[in-house]
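Residue numbers (our numbering), protein chains in the order written: chain E, 2 to 449; chain Z, 15 to 177.
Taking it in order: structure first as structure tokens, then the write-up.
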């Protein structure tokens with residue numbers, strides 16, 4: 002029998018027991034390792050808990066700080082808001098209650114604010130206009146009653162140009178079609194170089210116009226009334242000087258001559274005042290017709306020949322061809338040439354030079370040039386020379402005669418005739434050159 | 015009342031007495047006969063003040079016939095715009111021209127201090143010979159024009175005068 006073949010049952014049990022023991026040992030060792038790991042983990046956990054506690058505490062502190070700063074912030078914001086509201090309310094009150102009409106728009110020209118005066122002037126309550134476009138309310142007309150195109154509207158101009166736009170020749174038309182003359186100033190609101198809106202300030206100038214008109218009418222009436230006694234003095238002095246009622250001795254003649262000449266001066270002053278009031282009342286009529294400007298200029302020169310000769314002034318006159326039938330109002334054209342030439346003669350010292358030339362500047366315009374070698378116009382007074390009643394210092398010292406109205410009248414006439422006037426006077430005592438540019442075809446008939 | 019040949023008569027209508035006298039004297043000095051009036055009413059309806067040193071003696075015309083007779087002798091009219099009474103120079107020209115006949119050819123010289131373009135245009139449209147702004151003209155200048163116009167009776171277009 003095979004030994005191997007023979008196995009007692011106890012052998013198997015022993016074998017199994019040994020295996021079991023080995024396994025047990027392995028498990029035990031594993032357990033030991035695990036226990037060690039657990040201990041480590043427990044240790045770690047303990048540390049984390051500590052840290053956590055620290056963090057928690059820190060968080061609590063931060064939260065407390067946050068709470069505090071939140072409260073402070075809230076307080077600050079509240080205070081700031083309150084003060085802003087005060088400022089805003091004040092500004093609003095100021096804007097709303099100022100005596101002039103005020104309309105604020107955004108960058109598109111949409112109305113964001115309209116004050117009480119504006120509401121009243123335009124007859125439109127704020128609620129109806131806020132949010133609307135500038136061109137939809139407060140319709141504008143020019144002085145001839147033509148509606149102002151939206152792109153020419155002062156608000157649009159200010160938005161486009163970024164500069165303040167003003168105008169005094171507009172009329173505002175209300176919804177009920179009534180209108181009033183208005184003076185407008187539109188200022189752009191600029192932030193960071195960008196136009197973000199406009200402020201339009203405007204006012205009804207009906208009253209100003211009326212006062213102005215009354216004043217001008219008064220001057221007109223007074224001047225007109227003055228003409229009758231002036232004519233009387235004129236005519237009686239004329240008859241006395243002519244010897245109609247007997248001869249005069251030299252002294253009598255001289256005295257009477259002074260009376261006559263002073264009276265002439267007064268007549269001229271009254272004429273100038275009437276011209277001014279007509280220009281300002283808009284009753285100055287321009288009646289263009291075919292005019293020979295060369296002939297007209299020759300007549301004016303002829304009239305002033307005695308003064309030119311008396312001052313021994315060398316005079317030159319040139320007149321271009323093709324100007325014999327320009328369209329102009331001969332009376333006004335005469336006034337223009339006569340006034341400028343008379344100034345040249347008066348303000349050029351004896352022995353000086355004056356030249357008058359009339360040429361066609363181009364196909365459309367002709368140019369009158371009157372140059373003298375006279376006293377000139379002081380540079381600092383260049384800008385004032387066309388203003389009413391202004392006389393330059395250097396000529397006021399030399400000559401008391403002169404109304405300060407001539408160039409004002411001339412400029413008004415030239416501009417109403419569609420022309421331009423300017424001058425050059427580089428230095429005192431180096432003469433003055435006046436230029437007048439006028440359309441050859443005239444400016445059309447105007448009663449304005 | 016017969017008219018002496020070559021002696022021209024001017025009807026002067028001017029409301030300001032000193033001016034009327036001045037015109038009267040100067041015209042007389044220049045050999046004109048003068049009929050003077052200070053209102054339109056005076057010319058057409060009532061006492062025509064004949065103030066002449068020339069042919070027409072100074073007496074009042076009471077009768078319309080007399081006045082017509084006198085007006086027949088007028089060679090030219092010196093007319094102011096503003097006159098005494100309700101009517102002005104324009105009313106005069108209209109009435110005068112409305113009578114037609116020889117009258118419509120009598121030259122009228124308006125000498126007034128009114129310079130309103132509308133007024134002047136109305137006169138020019140009515141065919142007056144010339145319009146003078148009174149204070150801007152010497153008597154002898156206006157009289158020279160009248161003489162010229164009477165010497166050459168050919169109708170000249172109305173001119174507006176102002177210096």
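Every residue gets a Cβ at the ideal spot worked out from N, C-alpha and C, and that includes glycine.
Exercise. Any C-beta of chain Z sitting closer than 8 Å to the C-beta of residue 303(E)?
Worked result: Counting from one through the first chain, the residue named residue 303(E) turns up at place 302. So no, residue 303(E) is outside the interface.
Problem set entry | residue 78(Z) versus residue 89(Z) - alpha carbon distance | Walking along the second chain from the start, residue 78(Z) turns up at place 64. Walking along the second chain from the start, residue 89(Z) turns up at place 75. For residue 78(Z), the predicted model reports a pLDDT of 36, less than 50, meaning its position is unreliable; a value from the coordinates is still stated below. Across the structure, residue 78(Z) and residue 89(Z) are spaced so that their CA atoms are roughly 19 Å apart.
Exercise. Is the distance from the Cβ of residue 373(E) to the Cβ of residue 399(E) below 8 Å?
Worked result: Walking along the first chain from the start, residue 373(E) turns up at place 372. Walking along the first chain from the start, residue 399(E) turns up at place 398. Not a contact, by the Cβ cut-off of 8 Å.
Problem set entry | C-alpha distance - residue 1(E) paired with residue 350(E), whole-angstrom precision | What is shown of chain E runs 2 to 449, which leaves residue 1(E) out entirely.
Exercise. Which chain B residues sit within Cβ distance under 9 Å of residue 53(Z)?
Worked result: The structure shown contains no chain B; the protein chains it does contain are E and Z.
Problem set entry | CB-CB length for residue 187(E) against residue 166(E), believed under 8 Å | In the first chain, residue 187(E) corresponds to position 186, counting from 1. In the first chain, residue 166(E) corresponds to position 165, counting from 1. Confirmed, about 5 Å.
For this session: Pull up the distance between the alpha-carbon of residue 356(E) and that of residue 318(E), whole angstroms please.
Result: As a working mapping, residue 356(E) is identified with position 355 in the first chain. As a working mapping, residue 318(E) is identified with position 317 in the first chain. Take the alpha-carbon of residue 356(E) and the one of residue 318(E): they are about 6 Å apart.
Exercise. For the candidate residues 433(E), 416(E) and 168(E), whose alpha-carbon lies nearest to that of residue 440(E)?
Worked result: Locating residue 440(E) in the first chain gives position 439, where the first residue counts as 1. Checking every option, the nearest Cα to that of residue 440(E) belongs to 416(E).
Exercise. Shortest alpha-carbon distance to residue 143(E) belongs to which of 135(E), 155(E) and 134(E)?
Worked result: Here residue 143(E) refers to the residue found at position 142 of the first chain. With distances taken between Cα atoms, residue 143(E) lies closest to 155(E).
For this session: Throw me the rounded Cβ distance for the residue 287(E) and residue 418(E) pair, which I believe falls under 8 Å.
Result: In the first chain, the residue the question calls residue 287(E) occupies position 286. In the first chain, the residue the question calls residue 418(E) occupies position 417. Yes, residue 287(E) and residue 418(E) are in contact; Cβ-Cβ is about 6 Å, under 8 Å.
Exercise. Whose Cβ in chain E lies nearer than 9 Å to the Cβ of residue 102(Z)?
Worked result: Reading the second chain from its first residue, position 88 is the one you call residue 102(Z). Residues of chain E passing the Cβ test: none, with the nearest at roughly 14 Å.
For this session: Please confirm if residue 43(Z) has its CB atom under 8 Å from at least one CB of chain E.
Result: In the second chain, counting from the first residue as 1, residue 43(Z) sits at position 29. Interface residue, yes.
Exercise. Which of the three DSSP states, helix, strand or coil, is assigned to residue 288(E)?
Worked result: On the first chain, position 287 is the one that residue 288(E) refers to. Residue 288(E): coil per DSSP, three-state reduction.
For this session: May I have a chain-ordered list of the beta strand (DSSP E) segments no shorter than 3 residues that lie completely inside the region 116 to 158 of chain Z?
Result: 122 to 126 and 144 to 147
Problem set entry | residue 233(E) versus residue 433(E) - alpha carbon distance | For this step, residue 233(E) is matched to residue 232 along the first chain. For this step, residue 433(E) is matched to residue 432 along the first chain. Their backbone Cα atoms lie some 39 Å apart in a straight line.
Exercise. Buried or exposed: residue 149(Z), going by 16 or more other Cβ atoms within 10 Å of its Cβ?
Worked result: Translated into positions along the second chain, residue 149(Z) becomes position 135. Flag for residue 149(Z) reads buried.
Problem set entry | Reference residue 385(E), options 368(E), 412(E), 245(E) and 370(E), closest by Cα | In the first chain, the residue the question calls residue 385(E) occupies position 384. Of the candidates 368(E), 412(E), 245(E) and 370(E), the one whose C-alpha sits nearest the C-alpha of residue 385(E) is 412(E).
Problem set entry | Endpoints, alpha helix (DSSP H) assigned at residue 334(E) | By one-based count along the first chain, residue 334(E) stands at place 333. Residue 334(E) -> alpha helix (DSSP H) spans 331 to 347.
Exercise. Counting only runs that start and end within the region 204 to 243 of chain E, where is the alpha helix (DSSP H) found for 4 or more residues in a row?
Worked result: 207 to 242
Exercise. Any beta-carbon of chain Z closer than 8 Å to the one on residue 228(E)?
Worked result: As a first step, residue 228(E) must be located in the first chain, where it is residue number 227. Output row for residue 228(E): interface = yes.
Problem set entry | Neighbour flag for residue 136(Z) against chain E, beta carbons, 8 Å | If you number the second chain from 1, residue 136(Z) lands on position 122. So, not an interface residue.
Problem set entry | Of the residues 100(Z), 44(Z), 124(Z) and 22(Z), the one placed nearest residue 53(Z), counting alpha carbons only | The residue you call residue 53(Z) lines up with position 39 of the second chain. For residue 53(Z), the nearest C-alpha among the options comes from 100(Z).
Exercise. Going by Cα to Cα distance, which pick from 352(E), 305(E), 285(E) and 304(E) is closest to residue 315(E)?
Worked result: Here the question's residue 315(E) lines up with position 314 in the first chain. Residue 352(E) is the option with its Cα nearest to residue 315(E).
Problem set entry | Minimum C-alpha distance to residue 207(E) - residue among 237(E), 201(E), 264(E) and 170(E) | Numbered from its first residue, the first chain carries residue 207(E) at position 206. The residue with the shortest Cα to Cα distance from residue 207(E) is 170(E).
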